[in-house]
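When you line the sequence shown up against the numbering used here, it's residues 1 to 228, in that order.
We treat Cβ as the ideally placed atom computed from N, Cα and C, and that holds for glycine.
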Amino acid sequence: MAIKQGDFIEIEYTGKLNDESKAVFDTTNAEVAKKEGLFDEKTKYGPMIIVVGEQQVIPGLDNALVGKDIGKHSFEIADIDAFGKKTASKIQLVPAKVFTKEQIRPFPGLQVNIDGQIGTIRTVSGGRVMVDFNHPLSSKDVVYDVEVKRIITDKKEQVTAFFNLMNFPVVNIEADEKLATITVASALPENLTLPLGEDIKRLTNIASIEFKVKESKKEVKKEESKSE
Numbered sequence: 001m002a003i004k005q006g007d008f009i010e011i012e013y014t015g016k017l018n019d020e021s022k023a024v025f026d027t028t029n030a031e032v033a034k035k036e037g038l039f040d041e042k043t044k045y046g047p048m049i050i051v052v053g054e055q056q057v058i059p060g061l062d063n064a065l066v067g068k069d070i071g072k073h074s075f076e077i078a079d080i081d082a083f084g085k086k087t088a089s090k091i092q093l094v095p096a097k098v099f100t101k102e103q104i105r106p107f108p109g110l111q112v113n114i115d116g117q118i119g120t121i122r123t124v125s126g127g128r129v130m131v132d133f134n135h136p137l138s139s140k141d142v143v144y145d146v147e148v149k150r151i152i153t154d155k156k157e158q159v160t161a162f163f164n165l166m167n168f169p170v171v172n173i174e175a176d177e178k179l180a181t182i183t184v185a186s187a188l189p190e191n192l193t194l195p196l197g198e199d200i201k202r203l204t205n206i207a208s209i210e211f212k213v214k215e216s217k218k219e220v221k222k223e224e225s226k227s228e
């Protein structure tokens, strides 16, 4: 079955530079990560589920997956469709006092977060710090070795994957074609549940979405005492 836009698919992948070094920069495989010196104990390795066309991977990989079958594939992706071209406008001079205020000692190579933008310090001189906000892999052609393990059609698994991708904690999920019931630990504001519900409907074609709060032990005991 060929993959199409909007499909939930389970994949494993390894990304590497498309040059003589073939240096690996990202992988879902723990053994590969250890071999390449990339292993991070805080990272969860193993197959991941994405929605094709939802920009959950780089554009070139997102597009390349469409029309492919389950199995192993290798995709060569040009820089513009990977992490973009390096641009001079993303290299900025930042006053050193910005770092002093945050008790940060700037030095070349340090990654920093300034107003929500991740950048790398290039130089420190005369009270000014040059920060490069280009992606570290900008202007680099890359290769992704991908194994598409399966296409996911089960509604409960699709909804579960949706929340996993967002790192959004839920207590329980029940879902079929008509209704998805998402149980959360505490009440969520409507301005959060409404857009979440609309996204789930759009991606899964489930007709109706409801959020409910998990009953506390105290509430359960009260109900039991009433029945007695």
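{"Query": "To the nearest angstrom, report how far apart A185 and M1 are at their CA atoms.", "Result": "38 Å"}
{"Query": "From the DSSP output, in three-state form, read off L65 for me.", "Result": "helix"}
{"Query": "For L137, which residues in the same chain have their Cβ closer than 6 Å to its Cβ, ignoring the five residues on either side in sequence?", "Result": "F83"}
{"Query": "Hey, which unbroken runs of the beta strand (DSSP E) at 3 residues or more fall wholly within the segment 55-107?", "Result": "71-77 and 91-95"}
{"Query": "Quick check on the burial criterion: 16 or more other C-beta atoms within 10 angstroms. Buried or exposed for L192?", "Result": "exposed"}
{"Query": "Please state the DSSP three-state secondary structure of V220.", "Result": "No answer about V220 holds up, because its pLDDT of 49 lies below 50 and its placement is not dependable."}
{"Query": "Are three or more beta carbon pairs between the segment 79-95 and the segment 146-163 nearer than 8 Å?", "Result": "no"}
{"Query": "What residues in its chain sit with their C-beta under 7 Å from that of D176, if we drop five residues either side in the sequence?", "Result": "K155"}
{"Query": "Taking the alpha-carbon of A180 as reference, which of N167, Q103, K201 and E102 has the nearest alpha-carbon?", "Result": "K201"}
{"Query": "Going by DSSP, which residues form a beta bridge with V129?", "Result": "V94 and V124"}
{"Query": "What is the DSSP secondary structure of G197, counted as helix, strand or coil?", "Result": "helix"}
{"Query": "Go through its chain and collect everything with a Cβ distance to V146's Cβ below 6 Å, but skip five positions before and after it.", "Result": "I11, Y13 and H73"}
{"Query": "Evaluate the contact criterion for the segment 201-217 versus the segment 157-167: three or more CB pairs, one atom per stretch, below 8 Å.", "Result": "yes"}
{"Query": "Identify the residues that DSSP records as bridge partners of N113: which are they?", "Result": "I118"}
{"Query": "Give me the DSSP bridge partner(s) of K212.", "Result": "T183"}
{"Query": "Where does K44 fall in DSSP's three states?", "Result": "coil"}
{"Query": "Alpha carbon to alpha carbon, what distance is there between V131 and V124?", "Result": "9 Å"}
{"Query": "Please state if the CB of N18 and the CB of V143 are separated by a distance shorter than 7 Å.", "Result": "yes"}
{"Query": "How many angstroms separate the CA atom of G126 from the CA atom of Q117?", "Result": "23 Å"}
{"Query": "Going by the CB atoms, is the gap between D81 and K140 shorter than 7 Å?", "Result": "no"}
{"Query": "Over what stretch of residues does the beta strand (DSSP E) that includes N164 continue unbroken?", "Result": "No beta strand (DSSP E) holds N164; the alpha helix (DSSP H) holding it covers K155 to L165."}
{"Query": "Do we get a CB-CB distance below 7 Å when we pair I3 with the residues of chain B?", "Result": "Included in the structure is just one protein chain, with no chain B present."}
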